[in-house]
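To start, the structure under review is shown below, and the notes come after it.
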Amino acid sequence: MEKTSKKYSGIINFLRTPTPTLIGIYIVMLVLFSLASKNFLVIQNIKGIFNNFAVFGILAAGVTVVMIGGGFDLSIGSTSGLAGIVSAVLLMKNIEVPTPIVFLIAIAIGCSVGFINGLIITKVGINPIITTLGTLAIIRGVCYFWANLNPRILNVFVQNLGRIYIGNVFPITTVYIIVAFVILTLILKFTRFGRDLFTIGGNENLARLAGIPVDRIKILSYVISGFFCSIAGLLLISQLGSGRPEYGTGAELEVLTIVVLGGVVVGGGKGNYLGVFIALIIIQTITNGMVLLNVPIYIRMVIKGALLVLVISIDAIRSRRNLLPY
Amino acid sequence: MTAMKAVEATQKKKSKLNNTVILFIILIVMFSVFSYIGRPFFFSKLNLIPMLNNLSFIGIIAAVLTMVMVSGEIDFSVGGNIGLTACLTALLLERGLPGWQVVIIALCAGLAMGAFNGILVTVIGVNSIMATIGTMFIWRGIGYTLSNGESMLAMNPVIDFIGRGFIFKVIPFPIVLLVFFFTITYVIMNQSKWGRRIYAIGANPLASYLSGINVKRVKFINFLFCGFTASLGGLILTSLSAVGMPQHGQGLELVIVSSIILGGTALGGGRGQILGTLAGVLILSILYNFLTIMNIYYFYIQIVQGSVLILVVSTYEIRQAMVRRRT
Numbered sequence: 519m520e521k522t523s524k525k526y527s528g529i530i531n532f533l534r535t536p537t538p539t540l541i542g543i544y545i546v547m548l549v550l551f552s553l554a555s556k557n558f559l560v561i562q563n564i565k566g567i568f569n570n571f572a573v574f575g576i577l578a579a580g581v582t583v584v585m586i587g588g589g590f591d592l593s594i595g596s597t598s599g600l601a602g603i604v605s606a607v608l609l610m611k612n613i614e615v616p617t618p619i620v621f622l623i624a625i626a627i628g629c630s631v632g633f634i635n636g637l638i639i640t641k642v643g644i645n646p647i648i649t650t651l652g653t654l655a656i657i658r659g660v661c662y663f664w665a666n667l668n669p670r671i672l673n674v675f676v677q678n679l680g681r682i683y684i685g686n687v688f689p690i691t692t693v694y695i696i697v698a699f700v701i702l703t704l705i706l707k708f709t710r711f712g713r714d715l716f717t718i719g720g721n722e723n724l725a726r727l728a729g730i731p732v733d734r735i736k737i738l739s740y741v742i743s744g745f746f747c748s749i750a751g752l753l754l755i756s757q758l759g760s761g762r763p764e765y766g767t768g769a770e771l772e773v774l775t776i777v778v779l780g781g782v783v784v785g786g787g788k789g790n791y792l793g794v795f796i797a798l799i800i801i802q803t804i805t806n807g808m809v810l811l812n813v814p815i816y817i818r819m820v821i822k823g824a825l826l827v828l829v830i831s832i833d834a835i836r837s838r839r840n841l842l843p844y
Numbered sequence: 448m449t450a451m452k453a454v455e456a457t458q459k460k461k462s463k464l465n466n467t468v469i470l471f472i473i474l475i476v477m478f479s480v481f482s483y484i485g486r487p488f489f490f491s492k493l494n495l496i497p498m499l500n501n502l503s504f505i506g507i508i509a510a511v512l513t514m515v516m517v518s519g520e521i522d523f524s525v526g527g528n529i530g531l532t533a534c535l536t537a538l539l540l541e542r543g544l545p546g547w548q549v550v551i552i553a554l555c556a557g558l559a560m561g562a563f564n565g566i567l568v569t570v571i572g573v574n575s576i577m578a579t580i581g582t583m584f585i586w587r588g589i590g591y592t593l594s595n596g597e598s599m600l601a602m603n604p605v606i607d608f609i610g611r612g613f614i615f616k617v618i619p620f621p622i623v624l625l626v627f628f629f630t631i632t633y634v635i636m637n638q639s640k641w642g643r644r645i646y647a648i649g650a651n652p653l654a655s656y657l658s659g660i661n662v663k664r665v666k667f668i669n670f671l672f673c674g675f676t677a678s679l680g681g682l683i684l685t686s687l688s689a690v691g692m693p694q695h696g697q698g699l700e701l702v703i704v705s706s707i708i709l710g711g712t713a714l715g716g717g718r719g720q721i722l723g724t725l726a727g728v729l730i731l732s733i734l735y736n737f738l739t740i741m742n743i744y745y746f747y748i749q750i751v752q753g754s755v756l757i758l759v760v761s762t763y764e765i766r767q768a769m770v771r772r773r774t
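If you read the protein sequences in the order shown, they are chains A and B. In case it helps, my numbering puts the first sequence at residues 519 to 844. In case it helps, my numbering puts the second sequence at residues 448 to 774.
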């Protein structure tokens with residue numbers, strides 16, 4: 519008995535995570551949507567679904583790291599918007615900074631925003647949600663410095679960044695997401711940083727007592743999130759073909775829903791990228807299905823908010839270890 | 448033992464007094480400086496009355512949200528609540544309902560929204576920050592759905608009176624409401640059993656539960672009260688602007704929460720003063736009003752709002768850490 523349980527412990531652990539439920543939900547949804555709309559299971563539509571979640575997927579990659587460490591990042595939408603508009607301005611015709619330098623600047627912007635977030639959260643000790651709510655407003659305000667420039671993206675390399683399909687079917691953005699998720703999974707599993715991050719998310723005081731440099735690792739997690747924000751910003755301007763200060767508004771809601779639905783526990787310590795990936799496909803399919811079924815745009819907004827509340831309620835019920843009476 | 452308690456109590460009273468008094472001194476200094484720099488417009492009837500009107504609904508919501516925050520929870524959905532109430536009011540008026548019925552329905556909607564938040568937090572046990580961020584989007588989305596994304600005219604004698612009426616032909620009605628709600632919350636927090644319970648729950652929920660306080664009920668009723676005042680704020684804003692639009696109250700949660708924290712309320716609960724909140728609301732509203740008068744873009748004011756939030760919370764945290772080190 520023991521032997522078998524050891525042999526299959528990996529599978530049993532997998533079955534205990536919310537991932538199998540997610541796969542089940544997805545299959546049900548596929549059936550329902552394809553019955554409801556004949557345009558759903560068409561190769562054109564599936565291509566669209568996969569290409570549309572590029573930005574949210576990249577953002578989710580970073581937020582998952584932060585949330586496993588017990589943190590929170592609401593500033594992702596604004597940060598990607600800032601990275602996007604700054605690089606769009608730098609790529610403008612009469613400025614024309616070389617493309618690699620633009621990329622470096624974008625990444626530097628994202629990382630420094632993450633660094634500042636991490637610094638305020640760990641060294642000053644403010645609640646991460648309040649901190650990133652503040653930086654969300656600040657960075658969105660900074661984006662509007664370039665509001666009247668309205669830069670177009672004419673650079674072919676940047677245009678292709680988020681638009682190419684491999685073999686005319688498979689979008690390259692999905693490759694980025696898969697690569698990012700695989701690398702981050704490996705980092706979380708096999709490096710000291712990853713294990714420390716899980717420990718911090720599980721019990722921060724314990725981690726501190728065990729001699730783990732909690733502050734440094736938390737700051738690093740926010741920097742990683744900022745890094746992915748800048749990549750997402752570049753993808754945004756690539757796919758939309760211009761730079762506008764309002765890009766990325768409200769992305770935090772969508773990404774939060776994805777990450778929590780994917781089984782990353784609010785408060786940290788638990789989470790895997792397979793779940794996040796499936797949640798990403800689920801949320802994007804719901805969005806796509808609502809478009810195909812002609813659901814009015816404002817009702818879509820309500821449904822998305824309701825989905826977030828539902829998902830966090832399920833998370834709250836699931837993670838209640840011992841029911842406290844208050 | 449009793450002597451020690453008495454000493455502690457006086458010390459507490461002293462420090463409370465000091466914080467609030469310092470805030471009011473800052474307020475007076477700011478007001479004088481702004482009146483000088485922004486002359487002649489800042490200190491004129493043309494500016495002060497609209498400023499007080501605009502401040503009234505922020506203040507009403509902040510006073511009640513202080514109670515929620517002292518009990519250790521938070522409500523970010525007040526801005527969305529305002530948007531929904533505004534659209535609902537305008538829609539019902541368009542359908543031709545009498546004004547007083549519209550007011551009652553809008554306030555009931557506020558109670559329902561508060562109840563929903565309360566159930567999420569107390570029954571299901573969701574972290575209140577997360578729950579109310581989610582419901583914020585739901586309320587605003589419903590507001591957009593009701594109004595179809597447009598702004599609708601809201602003209603009716605009753606609705607007009609709420610925001611633009613005068614009592615004795617001198618005192619604006621929103622100011623009366625503001626004073627009324629601050630008095631009520633002050634009495635609740637400082638004189639009643641209920642307020643004592645709220646402080647106890649914020650300081651230590653487990654101990655309060657063990658000493659026989661129904662923690663869930665107190666928190667639930669706080670959320671209910673908060674939803675009610677948020678929709679009252681929505682009614683005032685609708686009346687002031689004479690339109691109901693779904694964008695009403697967008698980003699207001701940032702201003703309200705930062706003014707409450709500026710007033711000395713702890714994020715984790717257990718500490719906070721209604722008078723401090725009043726000072727915080729006045730300081731921030733005057734600051735933003737001044738920035739608007741000085742012709743600064745809204746987007747840059749947004750930067751200031753975010754920075755003020757972070758700055759205020761950091762000063763609070765740093766002071767807290769210093770106190771901890773000293774003891």
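Glycine is no exception: its CB is placed at the ideal position from the N, C-alpha and C atoms.
(message) Between Leu-679(B), Phe-627(B), Leu-531(B), Glu-520(B), which has its C-alpha nearest Gln-697(B)'s C-alpha?
(response) The shortest Cα separation from Gln-697(B) among Leu-679(B), Phe-627(B), Leu-531(B), Glu-520(B) belongs to Leu-531(B).
(message) With a threshold of 7 Å on Cβ separation, who are the neighbours of Ile-589(B) within its own chain once the five nearest residues in sequence on each side are excluded?
(response) Take Ile-589(B), set aside five residues on each side of it, and the residues of its chain with a beta-carbon closer than 7 Å to its own are Leu-531, in chain order.
(message) So, does the region 615-631 of chain A touch the region 773-792 of chain A, judging by three or more C-beta pairs under 8 Å?
(response) Contact between the region 615-631 of chain A and the region 773-792 of chain A is absent, with fewer than three C-beta pairs closer than 8 Å.
(request) At 8 Å on the CB atoms, spell out the chain B contacts of Arg-726(A), in chain order. (result) Those do not exist, as Arg-726(A) stays about 15 Å from chain B at its closest Cβ, beyond 8 Å.
(request) Could you pull out every unbroken alpha helix (DSSP H) segment of at least 4 residues lying fully inside the region 590-671 of chain A, listed in chain order? (result) You should have 594-608, 617-637, 646-661.
(message) Between the region 709-720 of chain B and the region 617-630 of chain B, can you find at least three pairs of beta-carbon atoms closer than 8 Å?
(response) Counting Cβ pairs under 8 Å, fewer than three are found: no touch.
(request) Please look up how many angstroms separate the CB atoms of Ile-644(A) and Glu-520(B), rounded, as I've assumed it's under 8 Å. (result) Their Cβ separation, rounded to whole angstroms, is 18 Å, which puts Ile-644(A) and Glu-520(B) out of contact at 8 Å.
(message) Quick check on DSSP: helix, strand or coil for Pro-604(B)?
(response) If DSSP states are grouped into helix, strand and coil, Pro-604(B) belongs with the helices.
(request) List the residues of chain B whose Cβ lies closer than 7 Å to the Cβ of Leu-771(A), in chain order. (result) For the C-beta of Leu-771(A), the chain B residues within less than 7 Å are, from N- to C-terminus, Phe-584.
(request) Just confirm the distance between the C-beta atoms of Ile-657(A) and Ser-596(A), as a whole number of angstroms; I'd bet it's less than 8 Å. (result) Confirmed, about 4 Å.
(message) Quick check on the burial criterion: 16 or more other C-beta atoms within 10 angstroms. Buried or exposed for Gly-543(B)?
(response) Using a 10 angstroms sphere on the CB of Gly-543(B), the tally of other CB atoms stays under 16, which defines it as exposed.
(message) Taking the straight line between their C-alpha atoms, what separation do you get for Pro-538(A) and Ser-655(B)?
(response) Looking at the two C-alpha atoms, the distance is approximately 41 Å.
(message) Give me the residue from Asn-500(B), Leu-679(B), Ile-703(B) with the minimum Cα distance to Ala-556(B).
(response) Ranking the options by Cα distance to Ala-556(B), first place goes to Leu-679(B).
(message) Threshold first: 4 residues or longer. Then list the alpha helix (DSSP H) segments lying entirely within the region 670-737 of chain B, N to C.
(response) With a minimum length of 4 residues, the continuous alpha helix (DSSP H) runs that stay inside the region 670-737 of chain B are 699-709.
(request) Run down chain A in chain order and give the residues with a C-beta less than 9 Å from the C-beta of Gln-752(B). (result) Counting only Cβ-Cβ distances below 9 Å, Gln-752(B) has contacts in chain A at Gly-652, Ala-655, Ile-656, Gly-659, in chain order.
(request) Quick one: measure Cβ to Cβ for Leu-820(A) and Thr-582(B), integer angstroms, because I've assumed they're closer than 8 Å. (result) Contrary to the premise, residue 820(A) reads as Val rather than Leu in this sequence. Not confirmed; about 11 Å, so no contact.
(message) For the region 735-769 of chain B, list every residue whose C-beta sits within 9 Å of some C-beta in chain A, in sequence order.
(response) Legend: CB atoms of the region 735-769 of chain B lying less than 9 Å from CB atoms of chain A belong to residues Tyr-744, Tyr-745, Phe-746, Tyr-747, Ile-748, Gln-749, Ile-750, Val-751, Gln-752, Gly-753, Ser-754, Val-755, Leu-756, Ile-757, Leu-758, Val-760, Ser-761, Tyr-763, Glu-764, Ile-765, Gln-767, Ala-768.
(request) With 9 Å as the limit, tell me which residues of the region 698-730 of chain B have their beta carbon closer than that to any beta carbon of chain D; keep them in chain order. (result) The question asks about chain D, but that chain is absent: this structure's protein chains are A and B.
(request) Would you decide whether Phe-627(B) is buried or exposed? Buried here means 16 or more other CB atoms lie within 10 Å of its CB. (result) When all chains shown are included, Phe-627(B) counts as exposed.
(message) If you measure between the beta carbons of Val-751(B) and Ile-708(B), is that distance less than 8 Å?
(response) If you check the CB distance, Val-751(B) and Ile-708(B) do not come in under 8 Å.
(message) Buried or exposed, going by whether 16 or more other CB atoms sit within 10 Å of the CB of Ala-572(A)?
(response) The C-beta of Ala-572(A) has 16 or more other C-beta atoms within 10 Å across all chains shown, which makes the residue buried.
(message) Is it the case that the region 544-557 of chain A contacts the region 797-811 of chain A, given that we only count it when at least three CB pairs across the two stretches are under 8 Å?
(response) Using a C-beta cut-off of 8 Å, the region 797-811 of chain A makes contact with the region 544-557 of chain A, since at least three inter-stretch Cβ pairs fall below that distance.
(request) Within the same chain, show all residues whose beta-carbon is closer than 8 Å to that of Ser-482(B), passing over the 5 residues directly before and after it, in chain order. (result) Excluding residues within five positions, the ones whose Cβ falls inside 8 Å are Phe-489, Phe-490.
(request) State yes or no: is the beta carbon of Ala-578(B) nearer than 8 Å to at least one beta carbon in chain A? (result) By this cut-off, Ala-578(B) is an interface position.
(request) Kindly indicate which three-state DSSP category Val-730(A) falls into: helix, strand or coil? (result) Just to set this straight, residue 730(A) is Ile in the shown sequence, not Val. Assigned with DSSP and collapsed to three states, Ile-730(A) falls in coil, not helix or strand.
(message) Tell me the residue span of the alpha helix (DSSP H) that contains Val-511(B).
(response) For Val-511(B), the enclosing alpha helix (DSSP H) begins and ends at 492-517.
(message) Tell me whether the region 758-773 of chain A and the region 593-611 of chain A touch, counting them as touching only if at least three CB pairs, one residue from each stretch, are closer than 8 Å.
(response) By the Cβ rule, the region 758-773 of chain A counts as touching the region 593-611 of chain A, because three or more pairs are nearer than 8 Å.
(message) Applying the 10 Å Cβ sphere with the 16-neighbour rule, what's the burial state of Glu-700(B)?
(response) In summary, Glu-700(B) is buried, with 16 or more beta-carbon neighbours lying within 10 Å of its beta-carbon over all protein chains present.
(message) Given this structure, state the Cα-to-Cα distance separating Ile-469(B) from Phe-478(B), to the nearest angstrom.
(response) When rounded, the distance between both Cα atoms is 14 Å.
(message) For Leu-622(A) and Leu-609(A), what's the separation of their Cα atoms in angstroms?
(response) Going from the Cα of Leu-622(A) to the Cα of Leu-609(A) covers about 13 Å.
(request) Report yes if the CB atom of Lys-587(B) is closer than 8 Å to the CB atom of Gly-674(B), and no otherwise. (result) According to the sequence provided, residue 587(B) is Arg. The question's Lys does not apply to it. Arg-587(B) places its beta carbon 8 Å or farther from that of Gly-674(B).
(request) Note down, in chain order, each residue of its chain lying with its Cβ closer than 6 Å to the Cβ of Gly-599(A), except the 5 sequence neighbours on either side. (result) So the qualifying residues of the chain are Cys-661, Tyr-765, Gly-766.
(request) Evaluate contact between the region 566-580 of chain A and the region 686-704 of chain A, counting only Cβ atoms and requiring at least three cross-stretch pairs below 8 Å. (result) A contact is defined here as three or more CB-CB pairs under 8 Å, and the region 566-580 of chain A meets this definition with respect to the region 686-704 of chain A.
(message) Val-778(A) and Ile-830(A) - do their beta-carbons sit closer together than 8 Å?
(response) Judged by beta-carbon spacing, Val-778(A) lies within the 8 Å limit of Ile-830(A), meaning their Cβ atoms are closer than that value.
(message) If distances are taken between C-alpha atoms only, which option among Val-583(A), Asn-563(A), Leu-704(A), Leu-724(A) comes closest to Tyr-740(A)?
(response) Among Val-583(A), Asn-563(A), Leu-704(A), Leu-724(A), the Cα nearest to that of Tyr-740(A) is on Val-583(A).
(message) Is it buried or exposed, Phe-590(A), if we count other Cβ atoms within 10 angstroms and call 16 or more buried?
(response) Counting Cβ neighbours within 10 Å, Phe-590(A) comes out buried, since at least 16 surround it.
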